[in-house]
Structure formats: C-alpha cells, structure tokens
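**Student:** In the numbering used here, the protein residues as written are 2 to 301.
1. CA-CA distance, residue 46 and residue 208?
2. Starting from the C-beta of residue 38, find all residues in its chain whose C-beta is less than 7 Å away, skip the five residues before and the five after it, and write them out in chain order.
3. So, for residue 168: in the same chain, excluding its five sequence neighbours on each side, which residues have a beta-carbon less than 8 Å away from its beta-carbon?
4. Do residue 75 and residue 277 have their C-beta atoms closer together than 8 Å?
5. For the alpha helix (DSSP H) containing residue 81, list its first residue and its last residue.
6. Beta-carbon within less than 6 Å of residue 217's beta-carbon, same chain only, minus the 5 sequence neighbours each way: which residues are those?
7. Going by DSSP, which residues form a beta bridge with residue 225?
8. Let me see if you follow: with CB-CB separation under 8 Å, is residue 210 close to chain B or not?
9. Suppose you measure from the CA of residue 223 to the CA of residue 88; what does that come to, to the nearest Å?
10. Alpha carbon to alpha carbon, how far is residue 77 from residue 50?
11. Check whether the stretch 92-106 and the stretch 145-164 touch, using three or more Cβ-Cβ pairs below 8 Å as the test.
12. Contact check, residue 210 vs residue 198 under 8 Å by CB: the rounded distance?
13. In this structure, does DSSP put residue 131 in helix, strand or coil?
14. Residue 236 to residue 138, Cα distance in whole Å?
15. In whole angstroms, what separates the C-alpha of residue 14 from that of residue 133?
16. Starting from residue 21, follow its DSSP beta bridges and name the residues at the other end.
17. Return helix, strand or coil for residue 42, following the three-state DSSP convention.
18. Given a cut-off of 8 Å on the beta-carbon distance, is the pair residue 92 and residue 29 in contact?
19. Secondary structure at residue 35, three-state DSSP: helix, strand or coil?
20. By the 10 Å Cβ neighbour count, where 16 or more other Cβ atoms means buried, how is residue 99 classified, buried or exposed?
21. At 4 residues or longer, what runs of the alpha helix (DSSP H) sit wholly inside the stretch 191-217?
22. Can the beta-carbon of residue 215 be found closer than 8 Å to that of residue 232?
23. If you check the beta carbons only, do residue 285 and residue 267 fall under 8 Å apart?
24. What is the DSSP secondary structure of residue 158, counted as helix, strand or coil?
25. Have a look at residue 65 and residue 72 and give me their C-alpha separation to the nearest angstrom.
26. Quick check on residue 181: does DSSP put it in helix, strand or coil?
27. Between which residues of its own chain and residue 17 is the CB-CB distance below 6 Å, once the five residues before and five after are set aside?
28. Quick check: the Cα distance between residue 263 and residue 282, rounded to an integer number of angstroms?
29. So residue 164 and residue 55 are in contact, right, with Cβ under 8 Å, and what is the actual spacing, rounded?
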C-alpha cells in the first residue's frame with residue numbers, strides 16, 4: 002500500500018481479516034472454462050517454462066552445482082504444473098512457478114540447502130493459513146517493496162547476464178539475434194497495449210491481445226525462431242554444449258540425486274527409469290558406484 006499515515010485502510014484490513022482461513026475447492030463458485038483465458042494462460046505457462054529453463058541454470062550456478070540434466074528439468078516442470086493445478090483448484094489467482102528473486106536470495110545469503118528451503122516452504126504455507134499474518138505482509142508500503150525488488154532483480158539480472166558467456170558473442174549473428182529479440186520483445190507488447198486488436202469477436206480479441214502483450218512470449222519466440230533459422234554459427238557457438246546437460250560426473254553431494262532408498266527402488270523397477278522425468282539406469286549406476294567409494298587415509 003501507500004506509505005502514508007493519514008489513511009486507515011491498512012488498519013481496517015488488519016481488523017477485518019479473520020485469524021484463520023483454510024482454502025478449499027469451490028469457495029469462489031463453480032469453475033468455468035473460458036476459451037480466451039485458457040489460450041492466454043497456456044501461452045503464459047509456455048513462456049514461464051522457457052523462462053524457468055534459465056532460472057534452473059542460474060540456480061545451479063549460484064548453488065555451485067553442475068547444470069541440471071534433462072530428467073531434472075522435466076521433474077521441475079512437472080512439479081510446477083502440479084502446483085499450479087492445486088492452486089487453481091483452491092482458487093488462487095496465480096500459478097506456481099520458479100521465483101527469480103529467490104535465486105537472488107541464494108546469491109545474497111549464500112544458503113542453498115534444500116532442507117532450509119523445505120522448512121521455509123512449510124512456514125510460508127502455515128503463514129498462508131493465518132490471514133492476519135498475510136494482511137500484515139500485504140500492508141508493507143510500496144517504497145519498501147520497491148527497494149527489495151530493486152536489490153533482488155538487480156542480482157538476478159547480473160546472474161542472468163553471466164549465462165551469455167556460454168555463447169560466442171564475437172559472432173555478429175548471435176549479437177543480432179540477442180538484440181533483435183530484446184528490442185522486439187519490448188516494442189511489440191507495448192504497441193498492442195496501446196493499440197489492441199479489434200476483430201469484432203470478443204473471445205478472439207481477448208486471446209490475441211493477451212498473447213501479443215506477453216513480453217517473455219514475444220521476445221522468447223523471436224529469439225527461438227532466429228536462433229534456429231539464421232545460419233552462421235555452430236551448435237557450440239550457439240551455447241548448445243552436450244557436456245552441460247548430459248554430464249554424468251556425480252559428486253558425493255549431488256544436489257539432484259534421490260536418496261539411496263529411492264535409488265534402490267528405481268533400480269529394482271527398471272521400467273520406471275524409462276520415464277523422461279527419472280534418471281536413466283546409466284546415471285543411477287554411476288551414482289551407486291560413486292557412493293560406494295570412500296577415501297582411504299594413507300599413512301604419511
């Protein structure tokens with residue numbers, strides 16, 4: 002809210018909020034399907050997935066882990082989809098996705114423990130049930146939130162720029178692709194925000210205007226088309242390195258591995274390892290061999 006003391010709206014929200022409120026399916030009425038909104042949300046989900054691919058890479062970098070494998074990325078996307086489904090059933094107006102500022106917090110606090118993140122998630126769920134606590138957080142003045150957002154987004158922008166080092170920026174083709182996608186990703190949505198499409202069909206108008214005003218979708222789509230159609234660079238120069246994704250060099254503390262009990266279950270059921278979101282038999286074998294190796298202290 003506004004950072005002012007002459008308005009009682011904040012205190013009124015705190016006073017009128019119930020202490021405890023448990024969300025449940027159907028509390029806002031019977032769900033309905035809108036074709037225009039569905040197309041818009043599908044486009045938003047696709048652009049979010051594209052954005053999160055970079056978020057996973059940034060999280061791995063700041064956590065000093067190797068780049069996530071294909072199965073790890075697939076698991077992350079599936080979990081975000083399941084979280085968005087649960088949020089929709091409970092009437093939450095926003096889907097569940099990777100929050101880039103949390104990656105910036107990892108860089109700032111130097112804490113990348115999964116146990117810490119799990120405990121923080123449980124605490125946030127508990128706070129969500131206590132509406133008074135949510136009202137207190139919602140009453141934080143905009144200037145304070147702006148300062149927090151400035152620091153967080155500055156950190157994440159800096160980390161994002163470091164991802165450009167995997168591509169060859171000496172090639173004009175790569176520089177042009179990057180610049181064109183950035184500029185058109187900002188200009189095209191801004192144009193359609195001021196000049197929306199009017200075809201006479203309300204559903205079609207809403208769908209097209211929603212799609213054409215998503216900056217991530219427009220910029221990412223243009224970058225995808227240019228990068229895959231314009232010649233003049235090899236796969237390595239485009240940043241497509243096989244060793245980044247398919248690395249099987251497991252460490253003793255691999256941040257993506259399952260517990261040993263889960264690995265034993267997977268090894269006992271080989272057909273499960275054919276699923277695209279589970280590690281392959283080769284990776285599990287490499288992990289098992291690594292876990293059985295213990296350093297030996299040789300006498301000096």
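Using N, Cα and C, we set each Cβ at its ideal position, and we do this for glycine too.
**Tutor:** Quick answer:
1. For the purposes of this step, residue 46 is taken as residue 45 along the chain shown, with counting starting at 1. For the purposes of this step, residue 208 is taken as residue 207 along the chain shown, with counting starting at 1. The straight-line gap separating the alpha-carbon atoms of residue 46 and residue 208 is approximately 14 Å.
2. The sequence position of residue 38 within the chain shown is 37, counting from 1. Shown here for residue 38: not one same chain residue has a beta carbon closer than 7 Å to its own, the five before and five after excluded.
3. Numbered from 1 along the chain shown, position 167 holds the residue referred to as residue 168. For residue 168, where only same-chain residues beyond five positions count, the Cβ hits under 8 Å are 175, 238, 239 and 240.
4. On the chain shown, position 74 is the one that residue 75 refers to. On the chain shown, position 276 is the one that residue 277 refers to. For residue 75 and residue 277, yes; Cβs fall inside 8 Å.
5. As a position in the chain shown, residue 81 is number 80, starting the count at 1. Residue 81 -> alpha helix (DSSP H) spans 71-90.
6. Locating residue 217 in the chain shown gives position 216, counting from the first residue. Around residue 217: 48 and 52.
7. Within the chain shown, numbered from 1, the residue matching residue 225 stands at position 224. For residue 225, which the question treats as bridged, DSSP gives no partner whatsoever.
8. The displayed structure is made up of one protein chain only, and chain B is not part of it.
9. Sequence index remark: in the chain shown, residue 223 carries index 222 (1-based). Sequence index remark: in the chain shown, residue 88 carries index 87 (1-based). A straight line joining the alpha-carbon of residue 223 with that of residue 88 spans about 31 Å.
10. Mapped onto the chain shown, residue 77 falls at position 76. Mapped onto the chain shown, residue 50 falls at position 49. If I take the Cα positions, the gap works out to 10 Å.
11. Because the criterion of three Cβ pairs below 8 Å is met, the stretch 92-106 and the stretch 145-164 touch.
12. Stepping through the chain shown from its first residue, residue 210 is reached at position 209. Stepping through the chain shown from its first residue, residue 198 is reached at position 197. Right, the Cβ-Cβ distance comes to about 6 Å (below 8 Å), so this counts as a contact.
13. Position 130 of the chain shown, counted from the first residue, corresponds to residue 131. Residue state, collapsed to three classes: strand.
14. The residue you call residue 236 lines up with position 235 of the chain shown. The residue you call residue 138 lines up with position 137 of the chain shown. Near 47 Å, if we compare the C-alpha coordinates of residue 138 and residue 236.
15. Position 13 of the chain shown holds residue 14. Position 132 of the chain shown holds residue 133. When rounded, the separation of the alpha-carbon atoms in residue 14 and residue 133 is 9 Å.
16. Translated into positions along the chain shown, residue 21 becomes position 20. 131.
17. What you label residue 42 is simply residue 41 of the chain shown in a count that begins at 1. Three-state DSSP puts residue 42 in a helix.
18. Start at 1 with the first residue of the chain shown, and residue 92 comes out as number 91. Start at 1 with the first residue of the chain shown, and residue 29 comes out as number 28. Annotated as proximal: residue 92 and residue 29, with beta-carbon spacing under 8 Å.
19. Residue numbering aside, residue 35 sits at position 34 when the chain shown is read from its first letter. Looking at residue 35 - three-state DSSP - the assignment turns out to be coil, as it is neither helix nor strand.
20. In the chain shown, the residue the question calls residue 99 occupies position 98. The residue is buried, with at least 16 neighbouring Cβ atoms inside 10 Å.
21. DSSP runs (the alpha helix (DSSP H)) wholly in the stretch 191-217: 203-213.
22. If you number the chain shown from 1, residue 215 lands on position 214. If you number the chain shown from 1, residue 232 lands on position 231. With respect to residue 232, residue 215 sits apart: the two C-beta atoms are not nearer than 8 Å.
23. Looking up residue 285 in the chain shown gives position 284. Looking up residue 267 in the chain shown gives position 266. The answer is yes: Cβ separation under 8 Å.
24. By 1-based counting over the chain shown, the position of residue 158 is 157. Under the three-state reduction of DSSP output, residue 158 falls in the helix class.
25. Translated into positions along the chain shown, residue 65 becomes position 64. Translated into positions along the chain shown, residue 72 becomes position 71. The alpha-carbon of residue 65 is positioned some 19 Å away from that of residue 72.
26. As a position in the chain shown, residue 181 is number 180, starting the count at 1. Three-state result, residue 181: helix.
27. The residue you call residue 17 lines up with position 16 of the chain shown. So no residue of the chain qualifies.
28. Within the chain shown, the letter at position 262 stands for residue 263. Within the chain shown, the letter at position 281 stands for residue 282. Going by the C-alpha atoms only, they are around 13 Å apart.
29. Within the chain shown, the letter at position 163 stands for residue 164. Within the chain shown, the letter at position 54 stands for residue 55. About 6 Å separates the beta carbon of residue 164 from that of residue 55, a gap short enough to meet the 8 Å contact definition.
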